[in-house]
Each structure stands twice: as structure tokens, then as C-alpha cells.
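Working notes for the structure below.
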Amino acid sequence: MSHTTTPAAQRSIRSMLFVPADSERKLEKSSSLAADVLVFDLEDSVLPERKPIAREMLQRFLPTYSGTGQAWVRVNDLESGELLKDLTAIVPIAPTGIVLPKIRGPEDLDLVSHWLDMAEAMSEVEAGSIRIIAVATETPMAVLRMADLAQTHCPRLLGLIWGAEDLSAAIGADDPRTPSGAWRQTYEFARTQALLAAHALGVQAIDTVYVDFNDRSGCESNCKEARYDGFTGKVAIHPSQVPIINAAFSPTPEQIAYAKRVVAAFDQGDGAVSLDGKMLDIPHLKSALKVLSQSS
Numbered sequence: 001m002s003h004t005t006t007p008a009a010q011r012s013i014r015s016m017l018f019v020p021a022d023s024e025r026k027l028e029k030s031s032s033l034a035a036d037v038l039v040f041d042l043e044d045s046v047l048p049e050r051k052p053i054a055r056e057m058l059q060r061f062l063p064t065y066s067g068t069g070q071a072w073v074r075v076n077d078l079e080s081g082e083l084l085k086d087l088t089a090i091v092p093i094a095p096t097g098i099v100l101p102k103i104r105g106p107e108d109l110d111l112v113s114h115w116l117d118m119a120e121a122m123s124e125v126e127a128g129s130i131r132i133i134a135v136a137t138e139t140p141m142a143v144l145r146m147a148d149l150a151q152t153h154c155p156r157l158l159g160l161i162w163g164a165e166d167l168s169a170a171i172g173a174d175d176p177r178t179p180s181g182a183w184r185q186t187y188e189f190a191r192t193q194a195l196l197a198a199h200a201l202g203v204q205a206i207d208t209v210y211v212d213f214n215d216r217s218g219c220e221s222n223c224k225e226a227r228y229d230g231f232t233g234k235v236a237i238h239p240s241q242v243p244i245i246n247a248a249f250s251p252t253p254e255q256i257a258y259a260k261r262v263v264a265a266f267d268q269g270d271g272a273v274s275l276d277g278k279m280l281d282i283p284h285l286k287s288a289l290k291v292l293s294q295s296s
């Protein structure tokens, strides 16, 4: 039996970097950035009065974008009154996907997916081609309804991001971290909920930012902990973090070599197999295939 790796469309996103859509200088620079995903931002980094010009700038820029990273757009949330304007502007230029902030539950994904269906049809863009990454922990209701989200069926959904800043503002809290740097209980709960929901859905689990972009060693440690916990990627707050994040969420040559040996062992037999004196079964094969998909 031959075992194949994950298709390219499902490969893990290691790094995401946000770029303000109303900054011509930053748009021009974005093609040289090494993040797996460039998220051109129409939400938090753009003042309300500049959102119309940001949409116009993105309409002109995205067709000329020549970077190696996928081009995504963070749209405004459902309650902002701006989301339909965003979709009307960006769907015709067919970004890889949208980052949807401040979701409250699976109904929000259903509604936005329906709007994308209509916008793609009107723009003659391939049906279902624009994917969604949802920010899953920015509202208290979203955190409380994570189990409902984990059971939703949304073919467009590619990943969940967890973040603490908007949740902190929503509940009127102060610093989400303790003096030692650990997440306070509420945020650790939200983080765990989002992580498990992503894996229950079979989508990417993307960790929040490490805010001190001058602290290289701290970023490396933070990335390693996130990967150990099961996150597949991380949002960068500054371009200097991208190489650190990409390295942390990439398998080592030793891990790749071992994964190839595991797959080869299963190609020679079914069920449980023996390798280096250890018995391996299907979960080991799945882990090996995931490593190989991340290395592609």
C-alpha cells in the first residue's frame, strides 16, 4: 500500500504576517517578505475614515503581488457594517482567503460562507476557492461556544487563530499574562479551547503573537512551546520574527528522515509494523505523514 502526503492546499501555515492595506510603502515591501501567509489588513490597522481608500489600494495592488507567500485579507467583523463592502471589493481580485475576526459562533461562518458564495458567483471567481481562517477567541461568546464551532461543517474553513488582546478588552481585563509571562487562567482556557477545536475540525491551529519583537530567544522559546502544545503555526508581529517562526514550525532533517522510514515501513505491511525495535501503528503513520507534509 502506498501512502501519500497531504495535498499542497492543506499544508501547514507556519507563519502569518499582517500588512496594513492603506500603506503604499508596506504594500510594496510585502512581496519581499518570507511569511507563508501575508494578511493584508482592512480591520484594526486601518482607521475607519481610511477603509474606503484601503480597499481601493488593495484592488490595485493584489493583482500585481509577486511574493512567495499566500495573499490573504483580514476583513472587518460582522457587526462593523464594513464586511459586505470588504467582500464586494476583494472577491473579484480573488485572494487565497480571508481572515474573519471576532466570530461569535458557527453561524457567523455559515453566513460569511454564504456571502462568499454569492460574491464569487457574481465575480466569476471559482466557487469555494476563497478560504477562511477565523479568529476564534476575540469574544466571550465565541470561547463559550467553541464546542459548537468544533462540530460545524464549513468547507472553506482552513484554520483557527487564537488571540488574547480583543478578549481582554471585551471582558475589561488588564494584562492577560502573569508577571512570570504565563497566560492567566481565562486566556489559557481560551487558548486550549481554540487548539482543540482546530484539531477536532481538522484545520490549522495558529498561535497568537509574541509581542516583543526584539527578544529573539523569547520568541524562539514561545514558538517551541506552541508547537509542543500542538499549534501548527504562529502570527508574527514583525518581519524579523518570520524566520524564527518558520524554523520553529518546520521539521528537522532528522525528523523528516525518520518520518520517511516510518512511511516506508507501512508501505511494506498493514496495521502495526516494527521499526528500530519498536511497534508502530496507524497514529505513528499519521504523525509521519504530517511531518512530510510540513516539509514540502
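Just so you know, we're using UniProt numbering here: the sequence shown kicks off at 1 and counts up by one. Note that the Cβ used here is the ideal one computed from N, Cα and C, for glycine as well. Since we're looking at a predicted model, the values are computed, not measured.
Cβ-based neighbour list, residue i, same chain, cut-off 7 Å, excluding 5 preceding and 5 following
| i | result |
| --- | --- |
| A288 | A259, V262, V263 |
| N76 | L42, E43, E82, L83, D86 |
| residue 353 | Because residue 353 is not part of the residues shown, which for the chain are 1 to 296, the question remains open. |
| E220 | I244, A248 |
| P20 | K26, D41, S45, V46 |
Buried versus exposed, by CB contacts within 10 Å (16 or more), residue i
| i | result |
| --- | --- |
| E28 | exposed |
| S15 | buried |
| R25 | exposed |
| H284 | buried |
| A127 | exposed |
| R216 | exposed |
| L292 | buried |
| T208 | buried |
| T178 | exposed |
| K51 | buried |
| M146 | buried |
| Y228 | exposed |
| Q294 | buried |
| A173 | exposed |
Simplified DSSP state of residue i, which is helix, strand or coil
| i | result |
| --- | --- |
| F231 | coil |
| T4 | A caution first: T4 carries a pLDDT of 48, below 50, which makes its placement in the model unreliable, though a value can still be read off. Coil at T4, not helix or strand. |
| R191 | helix |
| P20 | strand |
| W115 | helix |
| E221 | For clarity, residue 221 is Ser in the given sequence; the question names Glu instead. Of the three classes helix, strand and coil, the one that applies to S221 here is helix, per DSSP. |
| L240 | It should be noted that the sequence gives Ser, not Leu, for residue 240. Residue state, collapsed to three classes: helix. |
| R14 | coil |
| A9 | Its pLDDT being 43, under 50, A9 is placed unreliably in this model, and the value from its coordinates should be taken loosely. Residue state, collapsed to three classes: helix. |
| R74 | strand |
| S295 | helix |
Straight-line Cα distance separating residue j from residue i
| i | j | result |
| --- | --- | --- |
| residue 306 | Q268 | The chain is shown from 1 up to 296; residue 306 falls before or after that span and cannot be answered. |
| T6 | A35 | The predicted model places T6 with a pLDDT of 44, which falls under 50 and marks its position as unreliable; any figure quoted below should be read in that light. If I take the Cα positions, the gap works out to 20 Å. |
| I256 | D166 | 38 Å |
| V143 | G277 | 44 Å |
| A9 | E120 | Its pLDDT being 43, under 50, A9 is placed unreliably by the model, and the measurement read from it follows with that caveat. Straight-line Cα distance between these residues: approximately 19 Å. |
| V73 | A272 | 44 Å |
| T4 | G218 | No answer about T4 holds up, because its pLDDT of 48 lies below 50 and its placement is not dependable. |
| E56 | L47 | 14 Å |
| M1 | D281 | Residue placement at M1 is poorly supported in this model, since its pLDDT is 48, which falls under 50; the coordinates still yield a value, given next. So the two alpha carbons sit approximately 15 Å from each other. |
| V37 | K102 | 20 Å |
| G230 | A247 | 16 Å |
| T64 | W183 | 41 Å |
| K290 | I206 | 16 Å |
| A200 | P106 | 14 Å |
| Q149 | E254 | A small fix is needed here, since residue 149 is Leu in this sequence, not Gln. Answer to the nearest angstrom: the Cα atoms are 36 Å apart. |
| A94 | W162 | 25 Å |
| S123 | L58 | 16 Å |
Spatial neighbours of residue i in its chain, beta-carbon cut-off 6 Å, leaving aside the 5 residues before and after
| i | result |
| --- | --- |
| N222 | Y210 |
| L195 | A205, G230 |
| I130 | G97, L116 |
Beta-carbon proximity list for residue i, same chain, < 8 Å, skipping 5 on both sides
| i | result |
| --- | --- |
| P140 | L167, A170, I171 |
| Q204 | S12, I13, I133, L158, G159, L160, A198, T232, G233 |
| L275 | R261, V262, A265 |
| G67 | S30, S31, S32, L33, L38 |
Q | Every unbroken alpha helix (DSSP H) inside the segment 18-64 [4 residues or more] | A | 24-30, 51-61
Q) For the segment 98-148, which segments carrying the beta strand (DSSP E) assignment without a break, of at least 3 residues, lie completely within its bounds, in sequence order? A) When DSSP assignments are scanned along the segment 98-148, the uninterrupted stretches of beta strand (DSSP E) that are 3 or more residues long and fall wholly within it turn out to be 131-135.
Q: Return the chain-ordered ranges of every alpha helix (DSSP H) run that is complete within the segment 166-215 and spans a minimum of 4 residues.
A: Within the segment 166-215, the complete alpha helix (DSSP H) runs of at least 4 residues are 185-201.
**Q.** Residue ranges of each alpha helix (DSSP H) within the segment 242-276, 4 or longer
**A.** Those alpha helix (DSSP H) runs which fall completely within the segment 242-276 and span 4+ residues are 242-248, 253-267.
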